[in-house]
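**Q**
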Amino acid sequence: MTMEETINQIKEDFELLGDPNAIIEYILEMGEQNEMHLPPELKNDETKIHGCASDAWMIEECKDGKLHFTVEGSSELAKGMIPLMLKIFNDRSPDEILSFDPQKLYALGFDKILSPTRLQGMEAFLKRIYAAAQKCKEQNM
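With the first letter of the sequence shown counted as 1, position 32 gets the number 17 in my numbering; the numbers rise by one all the way through.
What follows is the structure, given as structure tokens:
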């Protein structure tokens, strides 16, 4: 499934839920089911996603021309947003990520359901994703 198709699938899921409160509840439920964890020794200033409202850490791996992300957030909302973002960005080539317009995420309505502080966290997360994609691309040239 392409990144665009993934966005459309998430958008359809959100439209079925309809109400912004139901969407937030869905995201929180995803957070309860999120079992992605980093070992304590990898939770440091280098892996921390600076700019998030709550603590979050990311490990980026560039392998076989694809990027793989391991991410852990400390809040339930962050834990729920992580699987949504990884559905879109995980296991993609650097070119796929770098050619994807992050503004398309706003079609999902995040700007309507997340506070400005949480949106800043999402943007910090995206900056890390795009920086990792650029670094991976340069390593594979």
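We put the beta carbon where it would ideally sit given N, CA and C, even for glycine.
Do Met21 and Glu57 have their C-beta atoms closer together than 7 Å?
**A** Position 36 of the sequence shown, counted from the first residue, corresponds to residue 21. Position 72 of the sequence shown, counted from the first residue, corresponds to residue 57. Yes, the Cβ-Cβ distance between Met21 and Glu57 is below 7 Å.
**Q** Does the structure place the stretch 108 to 122 close enough to the stretch 77 to 95 that three or more beta carbon pairs sit under 8 Å?
**A** Judged by Cβ distances under 8 Å, the stretch 77 to 95 makes contact with the stretch 108 to 122, as three or more pairs qualify.
**Q** Could you tell me which of Ala117, Asp(-2), Phe110 and Ile114 sits nearest to Ser39, measuring between CA atoms?
**A** In the sequence shown, residue 39 corresponds to position 54, counting from 1. Closest option to Ser39, Cα to Cα, is Phe110.
**Q** Restricting to runs no shorter than 4 residues, where is the alpha helix (DSSP H) found entirely within the stretch 48 to 104?
**A** Within the stretch 48 to 104, the complete alpha helix (DSSP H) runs of at least 4 residues are 61 to 74, 79 to 84 and 95 to 98.
**Q** My guess is that Arg103 and Leu62 are in contact by the Cβ rule of under 8 Å, so how many angstroms apart are they, rounded?
**A** Residue mapping note: residue 103 aligns to position 118 of the sequence shown, counting from 1. Residue mapping note: residue 62 aligns to position 77 of the sequence shown, counting from 1. About 7 Å; that satisfies the 8 Å criterion.
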